[in-house]
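The sequence shown stops at residue 325 when you use our numbering, and every number in between is there.
The next block holds one structure in the form of structure tokens; read it before the comments.
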Amino acid sequence: MTTAAARFDRYSPATLWFLISRAGHLCCGRWSLEDDARLRCACGSVLYLYQQPADGTESGAPAPPGPSPRGREERMTPAETAGLTALVAAMCPSMRLEETTTDAWHLLLADLDVADTREAVTRLGRRQSHIDAADICAEVHEIREERLARDPLPLPDTDPDDPHRYRAELLALVTAIASGQRVKRAPAVPAQPPPALADRSRNDLRVRALRVPCPWCRAAAGRPCTIPRLGIPLKNAPAHTSRLIAAGPGEREEREEREEREERGPGSAPGDNPKRRRCRRTTDFPRPHVR
35 MTTAAARFDR YSPATLWFLI SRAGHLCCGR WSLEDDARLR CACGSVLYLY QQPADGTESG
95 APAPPGPSPR GREERMTPAE TAGLTALVAA MCPSMRLEET TTDAWHLLLA DLDVADTREA
155 VTRLGRRQSH IDAADICAEV HEIREERLAR DPLPLPDTDP DDPHRYRAEL LALVTAIASG
215 QRVKRAPAVP AQPPPALADR SRNDLRVRAL RVPCPWCRAA AGRPCTIPRL GIPLKNAPAH
275 TSRLIAAGPG EREEREEREE REERGPGSAP GDNPKRRRCR RTTDFPRPHV R
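Okay, structure coming up:
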């Protein structure tokens with residue numbers, strides 16, 4: 035047997051103290067963590083049984099090949115929830131945590147990522163002196179939404195004609211980005227606007243774009259474009275590119291196009307200029323004879 039504080043680095047002394055105090059065996063004075071991952075007291079009682087991950091992480095087995103584990107989803111275990119509860123108790127001394135707090139919190143935090151929950155507790159500890167499990171869940175969702183809104187969503191490699199595989203790969207990409215993993219794919223950004231749209235003033239673009247809803251952020255007509263999922267109005271652009279294209283050309287472009295059609299006359303091809311037609315007809319005349 036080895037000491038409990040030295041067996042696993044991921045379980046801090048604060049976590050072990052919380053587990054031992056919850057079991058009511060602080061008075062025993064000696065505790066150990068056996069090779070079968072059982073936290074045992076000097077009196078012989080088993081205080082806690084650590085559940086090892088299925089992939090063999092921290093169990094002596096070699097780690098599977100692949101990228102850095104930060105991008106993977108690592109769900110909360112009862113031991114992780116106990117450590118998180120101890121961290122909250124240290125950050126918020128005024129809170130009174132009961133013995134059943136860890137079990138109740140684990141029911142709400144079991145589906146969350148370990149790194150995300152710790153980051154959420156750190157952010158909450160800077161703002162408030164009382165932290166609940168519901169606050170942690172809301173903060174974790176906000177963290178993941180910020181990651182998704184930071185960069186455009188990549189395009190899956192699967193053919194869109196196969197909707198089931200396309201949806202599964204798209205969901206996997208969204209989950210990877212939300213968990214902090216770097217995904218090297220072509221971003222699904224809207225098409226660039228034509229040159230005529232880029233030459234017009236910023237105010238004209240904004241006013242004309244408000245006439246139609248935005249297909250990118252789903253903003254209604256008359257409402258400005260916002261960052262998806264965050265609701266923050268755009269500052270560096272008058273509107274999303276897809277909304278500018280959906281708004282169509284302005285009055286000036288329509289008037290110039292109508293005048294050009296009238297100048298070409300009926301039966302002329304698009305882009306054909308009458309002056310160029312006259313020049314082509316004169317070139318067909320025979321050259322004069324010079325003595």
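Here a beta-carbon is modelled for each residue, glycine too, at the ideal position from N, C-alpha and C.
Small disclaimer: the values here were computed from a predicted structure and weren't measured.
Hey, how far is the Cα of ILE211 from the Cα of GLU294?
Their backbone Cα atoms lie some 50 Å apart in a straight line.
Are the CB atoms of SER276 and PRO249 nearer to each other than 8 Å?
Against a cut-off of 8 Å, the Cβ pair of PRO249 and SER276 comes out as a contact.
Cβ pair count under 8 Å reaching 3, the region 168-177 against the region 135-154:
With a cut-off of 8 Å, the region 135-154 and the region 168-177 count as touching, because enough Cβ pairs lie within range.
Those residues which DSSP pairs with PRO267 across a bridge
Beta-bridge analysis with DSSP links PRO267 to THR260.
Within 8 Å of any Cβ in chain B, is that where the Cβ of VAL155 sits?
Considering every chain present, this structure includes no chain B. It has just one protein chain.
Residue burial classification, GLY117 (beta-carbon count within 10 angstroms, cutoff 16):
So GLY117 counts as buried.
Nearest CA to the CA of GLY265: which residue from LEU158, SER213, ALA183?
Selected option, being the one with the closest Cα: ALA183.
By DSSP, does ASP195 sit in helix, in strand, or in coil?
Secondary structure of ASP195 (DSSP, three-state): coil.
By a C-beta neighbour count over all protein chains shown, 10 Å radius and 16 as the cutoff for buried, is LEU158 buried or exposed?
LEU158 should be labelled buried.
Compute the Euclidean distance between the alpha carbons of ARG161 and THR119, then round it to the nearest angstrom.
Answer to the nearest angstrom: the Cα atoms are 17 Å apart.
DSSP puts ARG109 in a beta bridge; with which residues?
For ARG109, the pairing in a beta bridge is given by DSSP as ASP147.
Under 8 Å between C-beta atoms of THR136 and THR115:
Contact flag set, yes.
Where HIS164 falls, given that 16 or more other Cβ within 10 Å makes a residue buried:
When all chains shown are included, HIS164 counts as exposed.
Helix or strand or just coil, what does DSSP make of TRP250?
The three-state secondary structure of TRP250, taken from DSSP, is coil.
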